[in-house]
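In the working numbering, the protein residues as written are 20 to 358.
Below: one structure, written as structure tokens.
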Amino acid sequence: MARKPAAKAEKSASLSNVPEFTKDEELKAYRDMLLIRRFEEKAGQMYGMGLIGGFCHLYIGQEAVVTGITMASEKGDAQITGYRDHGHMLVMGLDPKGVMAELTGRQGGLSKGKGGSMHMFSNEHRFYGGNGIVGAQVSLGTGLAFAAKYKGENSVSISYFGDGAANQGQVYESFNMAKLWNLPVLYIIENNRYAMGTAVERASAQQDFSRRGLSFGIDGEQVDGMDVRLVHEAAKRAIDKIRAGGGPYILEMMTYRYRGHSMSDPAKYRSKDEVTTMRAERDPIEQVKSRILEKRFGTEESLKAIETEIRAIVTEAADFATSDPEPAPSELWTDIYAA
Ligand SMILES: Cc1ncc(C[n+]2csc(CCOP(=O)(O)OP(=O)(O)O)c2C)c(N)n1
Ligand SMILES: [Mg+2]
20 MARKPAAKAE KSASLSNVPE FTKDEELKAY RDMLLIRRFE EKAGQMYGMG
70 LIGGFCHLYI GQEAVVTGIT MASEKGDAQI TGYRDHGHML VMGLDPKGVM
120 AELTGRQGGL SKGKGGSMHM FSNEHRFYGG NGIVGAQVSL GTGLAFAAKY
170 KGENSVSISY FGDGAANQGQ VYESFNMAKL WNLPVLYIIE NNRYAMGTAV
220 ERASAQQDFS RRGLSFGIDG EQVDGMDVRL VHEAAKRAID KIRAGGGPYI
270 LEMMTYRYRG HSMSDPAKYR SKDEVTTMRA ERDPIEQVKS RILEKRFGTE
320 ESLKAIETEI RAIVTEAADF ATSDPEPAPS ELWTDIYAA
């Protein structure tokens, strides 16, 4: 029997003290989440056409998580995640053309076309990937927090990982060091209920991931990861506390991915009904859209205009990613440790 993590979250969303967004915040959240959704739908199509090779993991359904957290973070804060990374780059302000061109392996890609979907970085934006080793981003993210503290910077390191990754040993070695040295790190556990085809209840002895840091003295909480306002509110509180010297903290985001684990996953391990119900009742973009209309922050027409704008950005990215040249063969010998 599948547990319904969103149930708890739904309850919190119905409370009267749900933090309200201003008009600007609602519109920003709508725009950012829609960009991820439309960009990835396009990436999915391009993958099907053979224009994208290798692995490709879509974030569709989980958009509110990275959007709310990034809205609560400051420029200079570091972010790092696993292989489900396109949305992180888009909301951190990286050029969609560079993200799409990395997917198609072209020279204008963010890793010069040599990293692909799972390995995109931007030092400038302090985005540290794009990591294919499940759980590695937790140790690396803890290291980024160590570096910030060592250098006396006032930045926070935000490390995203999944419910599956949360069972990796290196996560707990990292938790220990993070608390021991009081590091400025925010751990975001994106509980989308599955690790590849394995449901949380089949893989995790203890399924409340927000409590995974307790034996190290790291507090945490569960958040409705489908409501961008709640994500933002929890992240803001956590980030402010961490920046003030409060040490590591965990936010477990109750979320859901609509697509398969990767492009090769027919997703037979869950019912169609589970997916359609989640899409119909909890979709993060639809939630914002109906609030915008209800509060008269926008009209059907103005929202359509945003949609048209986003589609144009995505089309431009796809055109660039299919016309830009592949990297020169000499690039094989650059950006490596030893030649
Ligand atoms: C160390 C390691 N073990 C196994 C894998 C294969 N693998 C890739 S993704 C994945 C599941 C991870 O699930 P989760 O952490 O829940 O993240 P999600 O895909 O749901 O975002 C596994 C086992 C890997 N890439 N690295
Ligand atoms: Mg998962």
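Ideal placement from N, C-alpha and C gives every residue a C-beta, glycine not left out.
Does any CB atom of chain B fall closer than 8 Å to the CB of residue i?
i: K314; result: The chain labelled as chain B is not found in the depicted structure, where only one protein chain is given.
In the DSSP output, what is residue i paired with across the bridge?
i: Q98; result: F146, I177
i: L205; result: I177, Y268
i: M273; result: N210, D243
i: T217; result: A214
For ligand 2, any of its heavy atoms closer than 7 Å to the Cβ of residue i?
i: Y213; result: yes
i: D182; result: yes
For ligand 1, any of its heavy atoms closer than 7 Å to the Cβ of residue i?
i: I55; result: no
i: H280; result: yes
i: G101; result: yes
i: V153; result: yes
i: E209; result: yes
How about residue i and residue j: do their beta carbons lie closer than 8 Å?
i: V153; j: S92; result: no
i: I55; j: A62; result: no
i: A197; j: V190; result: no
i: A164; j: V118; result: no
i: G106; j: G124; result: no
i: F58; j: L109; result: yes
i: L53; j: I325; result: yes
i: G244; j: M272; result: yes
i: E45; j: F339; result: no
i: R276; j: N211; result: yes
i: F40; j: R256; result: no
i: L270; j: E300; result: no
i: R289; j: I79; result: no
i: K133; j: D354; result: yes
i: Y102; j: N142; result: no
i: G160; j: I99; result: yes
i: I177; j: I207; result: yes
i: A336; j: I88; result: no
i: V294; j: E209; result: no
i: G266; j: L202; result: yes
Considering just the uninterrupted stretch of the alpha helix (DSSP H) at residue i, what are its terminal residues?
i: D338; result: 319-342
i: Q189; result: 188-199
i: E82; result: 82-91
i: D243; result: Careful: D243 lies outside any alpha helix (DSSP H), inside the beta strand (DSSP E) at 239-243.
i: G160; result: 155-169
i: T296; result: 291-301
i: F316; result: Element bounds for F316: n/a, residue is neither H nor E.
i: R57; result: 42-67
i: M137; result: Element bounds for M137: n/a, residue is neither H nor E.
i: A347; result: Run containing A347: none; DSSP gives neither H nor E here.
i: G106; result: 105-110
i: L122; result: 115-122
Indicate, with yes or no, if ligand 3 has a heavy atom lying under 7 Å from the CB of residue i.
i: E220; result: The ligand content of the structure shown is limited to ligand 1 and ligand 2, which means ligand 3 is not among them.
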